[in-house]
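**Student:**
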Amino acid sequence: MVTTIAAGVVDPFSRQLTFVLFLSVVVVTLFAALLIAPQRDEVGEFYLGNREMSPLRNGLAMCGDYLSAATLLGSTGLVALTGYDGLLYLCGTTVAWMMVLLVIAEPLRNSGRFTLGDTLALRLPQGGRSVRLALSLCTLAICCLYLVAQLVGSVALLTQFTGVPSSTTRTLCVVVIGTIVIVYASLGGMPGATFIQIVKAVMLISGVAVTAVMVLHRFDWNVNALLEAATENSGIGQRFLEPGLRYGGSTTSKLDFLSLQLAIVLGLAALPHVMMRLLAPRSTNVLRSSVVWAAGLVGFVCLAAGILGLGATALVGRDSIVDTDPKGDAAVLLLAQSIGGGVLTALLSCLAFVTLLAVAAGLTLAAASSLAHDLYGEVIRKGRATQAEELGAARLAAVLIGALGMGLALLSWETNVSTLAFLAFAIAASALLPTLLYSLFWRRFNSRGALLSLCGGLVCSVLLVVFSPVVSSTPSSIYPSSDFAWFPLQNPGIVSIPAGFFLGWLGTVLSRREVPDTYDEFEVRALVGVD
Amino acid sequence: MSNYFTRPDEPPTYSPTYTEPPPEQTIHAHPEFQTLRNDYRRFAAVSTALAVGGFLLYVLLSNFAPGIMNQPLAGHLTLGLALGLGQFVVMGVTAWRYVRRMRTRFDPVARGLRSQLEQRRPAQHRAAEQAGPRPQSKREFRTW
């Protein structure tokens, strides 16, 4: 819920500075995106961008796609408010990237072409079309949820500036951000999206590093002094550095936290826009170095975000953070105001807006690729569409998805950003990950198993959230007055992820054994590669 | 989606060093490939269990055994916080071991198998591919 904030956190000077900075970044990146946009009618360039980029640049782009504004604002706020539990959350974000490095990245790149649908079609040629349709639905659901989360996040961020925005301001904010996102995705394609990702990643890493250095410098580089001050100003003493502050108490809330961590660790790795980026590097060696670079950068940002969160509690105080915004999203901005004045506040706010924009662009592009390539190209036109037609469909799909995202964001602007994001992670973990892992590593897996795990995972996660306290029965629910919440946890992961894996297994076992011939070829290709 | 591997209709020619396997055998049945695959799977499973399973165990411990995790080590640093930092160390070591292992054990074998695969393709496939702009797989990346 967006809470009532009497006035914005940010003073007029930094508000204007933020505006100017944001505008200049947007103008520069828009021009750049238009300049490096695909010149020819080639779907490969539109979907994958420059395939010859160096590992560092690829790694920066992956890091940019992977870390959303939720990490910068939400997670640091969580650390500032709940100490230990917030740090656990940051740790989970980093661990999830290890799944990508160890299990997913190389086999996926070796066997994939443009989307995950191509990998599945290669692996399960018998049921190609229906699997693609189901996969496209799941991708669309995940991308839309996460996109709406980013756009709703922009309204929440605007709240820090102007207090609770009027409906006109709100609409204007969402429409402007959404339009910029559409231009990046539909005109710039992957080259444009990559450019904004790299710009954003460099800004994010340097911004977070500078602020963390300033915090540590304030405490003479003594981490213990930082912890000391944080426990003192948290108002609850050593409890601040002990687990259970947010999810303690009942067993239900502990299970809820475990469920959330499962969804994060397994779901972040399977987000469509991240997987799409894994397909871009031309050679396995470059991909491996890129993923390692990204792992290092993600780990660094998460560590620095932890320092920022602790610093916010130590220097601003937990009570004043809660007073400003009970969710804690204001923590970073308050910290910046207190150690760096208006300029640092403006820099970090601009950074938050650019982060939102970049992740939203990546998501729109991933959804558009899936719609154009899987749904239009392979299901509707049955693989007979020309490149120009498919490219036109991709651009149109980007516009449609952007518009859909804007509409949904305006309808549900009061929803909690993290609820939407966590649902997206849960769907990715319970629908996409089982299908992907089974098709990479299980010989018997067949199209019925894929269909069941894709649809089952999606339906299971959504239904469990609908019948959870998120939607009804508590004061903070969407429908607080009615009560149909028979599922006690807010995060469905702990049930829906095993369900997705189980359904994939069940569907496979129940159907006739298919000729395992394709798996041999697929496995050679996935492991050895063909380049 | 066409099939990516074309089985040779005629017995393909081999370079002198590769006398085995017999022509009707696929790469998949090649003993080297089988070892490579089993090696890769075992290593991926063990390191994923270590990095991801270790983290989930840490979350479980934090939730259900706070007494252990709250033991102070030095100053305000508790065992739980130290283990959290330890997760980052474990991840770093895992990533480093993965990269080293892939580079020393996996890549040479995979390269050998790949060149065998190339040789088995009919000549016109190779000619068509060589005519097109082929990327340099061993390109040095000097740019940032």
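Sequence lines, in order, name chains A and B. So in numbering that gives the first Met the number 0, spot 186 of the first sequence is number 185, and the numbers just go up one at a time. So in numbering that gives the first Met the number 0, spot 20 of the second sequence is number 19, and the numbers just go up one at a time. Even glycine gets a Cβ: it sits at the ideal position worked out from N, Cα and C. Quick caveat: nothing in here was measured; it's all calculated off a predicted structure.
#1: Residues of chain E with CB under 7 Å from A/K253, in chain order?
#2: Which value, in whole angstroms, describes the spacing of the CA atoms of A/S165 and A/V469?
#3: List the residues of chain B whose Cβ lies closer than 8 Å to the Cβ of A/F256, in chain order.
#4: Note down, in chain order, every chain B residue with its Cβ under 7 Å from the Cβ of A/D519.
#5: For the alpha helix (DSSP H) that B/P107 lies in, which residues bound it at each end?
#6: Under a CB-based cut-off of 8 Å, is B/N37 close to chain A?
#7: At the 8 Å Cβ level, is A/C454 part of the contact set with chain B, yes or no?
#8: State the beta-bridge partners of B/A73 as determined by DSSP.
#9: Rounding to the nearest angstrom, what Cα-Cα distance links B/E23 and B/E117 in this structure?
#10: Under a three-way DSSP split, which group does A/L403 fall into?
#11: Beta carbons nearer than 7 Å to chain B: which residues of the segment 483-508 of chain A have them?
#12: So if I threshold CB-CB distances at 8 Å, which residues from the segment 46-63 of chain A count as touching chain B?
#13: Going by alpha carbons, who is nearest to A/A408 out of A/V174, A/P106, A/A303?
#14: Name, going along the chain, the residues of the segment 281-297 of chain A whose beta-carbon falls closer than 9 Å to a beta-carbon of chain B.
#15: Could you tell me whether the Cβ of A/Q149 comes closer than 8 Å to any Cβ of chain B?
#16: Inspect the CB distances between the segment 100-113 of chain A and the segment 388-396 of chain A and report whether three or more fall short of 8 Å.
#17: Express the C-alpha separation of A/F45 and B/G131 in angstroms, rounding to a whole number.
#18: Identify every residue that forms a DSSP beta bridge with A/Y478.
#19: Are the CB atoms of A/L296 and A/G206 within a distance shorter than 8 Å?
#20: Distance check for A/L261 and A/V458, CA to CA, integer angstroms please.
#21: A/P491 lies in the alpha helix (DSSP H); which residues open and close that run?
#22: Answer yes if the segment 137-144 of chain A comes into contact with the segment 306-313 of chain A, meaning at least three C-beta pairs across the two stretches below 8 Å, and no otherwise.
#23: Which of the three DSSP states is assigned to A/T312 in this structure?
#24: The alpha helix (DSSP H) spanning A/K253 covers which residue range?
#25: With a CB to CB cut of under 6 Å and the five nearest residues on each side skipped, what residues in its chain are close to A/H272?
#26: How close, in whole Å, do the beta carbons of A/L59 and A/A200 come, if the pair is a contact with beta carbons under 8 Å?
#27: Just mark A/I400 as buried or exposed, buried being the case when its beta carbon has 16 or more other beta carbons within 10 Å.
#28: Kindly indicate which three-state DSSP category A/G48 falls into: helix, strand or coil?
#29: According to DSSP, is A/G455 part of a helix, a strand, or is it coil?
#30: Tell me whether A/E231 is buried or exposed, calling it buried when 16 or more other Cβ atoms sit within 10 Å of its Cβ.
#31: Ordered along the chain, which non-local residues of its own chain (more than five positions away) have a Cβ less than 7 Å from that of A/F12?
#32: For the alpha helix (DSSP H) containing A/R128, list its first residue and its last residue.
#33: Does any CB atom of chain A fall closer than 8 Å to the CB of B/A103?
#34: So is B/H75 buried or exposed if we call it buried at 16+ other beta carbons inside 10 Å?
#35: Between A/P280 and A/L86, what straight-line distance do the alpha-carbon atoms span, to the nearest angstrom?
#36: Name the chain B residues whose beta carbon is nearer than 9 Å to that of A/P433?
**Tutor:** Once the coordinates are examined:
#1: Annotation note: the requested chain E is absent from the structure, which comprises protein chains A and B.
#2: If you number the first sequence from 1, residue 165 of chain A lands on position 166. If you number the first sequence from 1, residue 469 of chain A lands on position 470. Going by the C-alpha atoms only, they are around 25 Å apart.
#3: Counting from 1 along the first sequence, the entry for residue 256 of chain A is found at position 257. Neighbours of A/F256 on chain B, chain order: V58, N62.
#4: Indexing the first sequence from 1 puts residue 519 of chain A at position 520. The answer, in chain order, is T25, H27.
#5: Counting from 1 along the second sequence, the entry for residue 107 of chain B is found at position 108. Taken as a continuous stretch (DSSP letters only), the alpha helix (DSSP H) holding B/P107 covers 106-119.
#6: As a first step, residue 37 of chain B must be located in the second sequence, where it is residue number 38. Chain A, which has no Cβ nearer than 8 Å to the Cβ of B/N37, makes this no.
#7: The residue labelled residue 454 of chain A in the question sits at position 455 within the first sequence. Closer than 8 Å: no.
#8: For this step, residue 73 of chain B is matched to residue 74 along the second sequence. B/A73 pairs with B/L76.
#9: On the second sequence, position 24 is the one that residue 23 of chain B refers to. On the second sequence, position 118 is the one that residue 117 of chain B refers to. Note that B/E23 scores a pLDDT of 46, beneath 50, so its modelled location is shaky and nothing firm can be said.
#10: Taking the first sequence and counting its residues from 1, the one referred to as residue 403 of chain A is at position 404. The answer is helix: DSSP assigns A/L403 an H, G or I state.
#11: none
#12: R50, E51, S53, P54, L55, R56
#13: Residue mapping note: residue 408 of chain A aligns to position 409 of the first sequence, counting from 1. Of A/V174, A/P106, A/A303, the residue nearest in Cα terms is A/V174.
#14: R281, S282, T283, N284, V285, R287, S288, V290, V291, A294, G295
#15: For the purposes of this step, residue 149 of chain A is taken as residue 150 along the first sequence, with counting starting at 1. So no, A/Q149 is outside the interface.
#16: no
#17: Within the second sequence, numbered from 1, the residue matching residue 131 of chain B stands at position 132. Within the first sequence, numbered from 1, the residue matching residue 45 of chain A stands at position 46. Residue confidence is low: B/G131 scores 44 on pLDDT, short of 50, so the model does not pin down where it sits. Its coordinate-derived value is still stated next. Going by the C-alpha atoms only, they are around 20 Å apart.
#18: Along the first sequence, read from residue 1 onward, the residue named residue 478 of chain A stands at position 479. The partner list for A/Y478 (beta bridge, DSSP) reads A/S471.
#19: Here residue 206 of chain A refers to the residue found at position 207 of the first sequence. Here residue 296 of chain A refers to the residue found at position 297 of the first sequence. Contact: no.
#20: The residue given as residue 458 of chain A occupies position 459 in the first sequence. The residue given as residue 261 of chain A occupies position 262 in the first sequence. For A/V458 and A/L261, the distance between alpha carbons rounds to 18 Å.
#21: The sequence position of residue 491 of chain A within the first sequence is 492, counting from 1. Run containing A/P491: none; DSSP gives neither H nor E here.
#22: no
#23: If you number the first sequence from 1, residue 312 of chain A lands on position 313. Correct three-state label for A/T312: helix.
#24: Here residue 253 of chain A refers to the residue found at position 254 when the first sequence is read from its first residue. Its alpha helix (DSSP H) spans residues 250-266.
#25: Locating residue 272 of chain A in the first sequence gives position 273, where the first residue counts as 1. Here the set comprises D64, G361, L362, A365.
#26: In the first sequence, the residue the question calls residue 59 of chain A occupies position 60. In the first sequence, the residue the question calls residue 200 of chain A occupies position 201. Their Cβ separation, rounded to whole angstroms, is 4 Å, which keeps A/L59 and A/A200 in contact under 8 Å.
#27: In the first sequence, counting from the first residue as 1, residue 400 of chain A sits at position 401. Answer is buried; the Cβ neighbour count reaches 16.
#28: Here residue 48 of chain A is taken as the residue at index 49 of the first sequence, counted from 1. Reduced to three states, the DSSP call for A/G48 is coil.
#29: Taking the first residue of the first sequence as 1, we reach residue 455 of chain A at position 456. In the structure shown, A/G455 sits in a helix (DSSP, three-state: H, G or I).
#30: Along the first sequence, read from residue 1 onward, the residue named residue 231 of chain A stands at position 232. Counting Cβ neighbours within 10 Å, A/E231 comes out exposed, since fewer than 16 surround it.
#31: As a first step, residue 12 of chain A is located in the first sequence; it is residue number 13 there, counting from the start. Cβ neighbours of A/F12 beyond the five flanking positions: G341.
#32: Residue mapping note: residue 128 of chain A aligns to position 129 of the first sequence, counting from 1. 127-161 is the extent of the alpha helix (DSSP H) around A/R128.
#33: Reading the second sequence from its first residue, position 104 is the one you call residue 103 of chain B. With the sequence shown as reference, residue 103 of chain B is identified as Thr, and Ala is not the correct amino acid for it. Chain A contact via Cβ: absent.
#34: Residue 75 of chain B sits at position 76 when you count from the first residue of the second sequence. It is buried - the Cβ of B/H75 has at least 16 other Cβ atoms within 10 Å.
#35: As a first step, residue 280 of chain A is located in the first sequence; it is residue number 281 there, counting from the start. As a first step, residue 86 of chain A is located in the first sequence; it is residue number 87 there, counting from the start. Using only the alpha carbons, I get a separation of about 33 Å.
#36: Locating residue 433 of chain A in the first sequence gives position 434, where the first residue counts as 1. The premise fails here: A/P433 is roughly 15 Å from chain B at the closest Cβ pair, so nothing lies under 9 Å.
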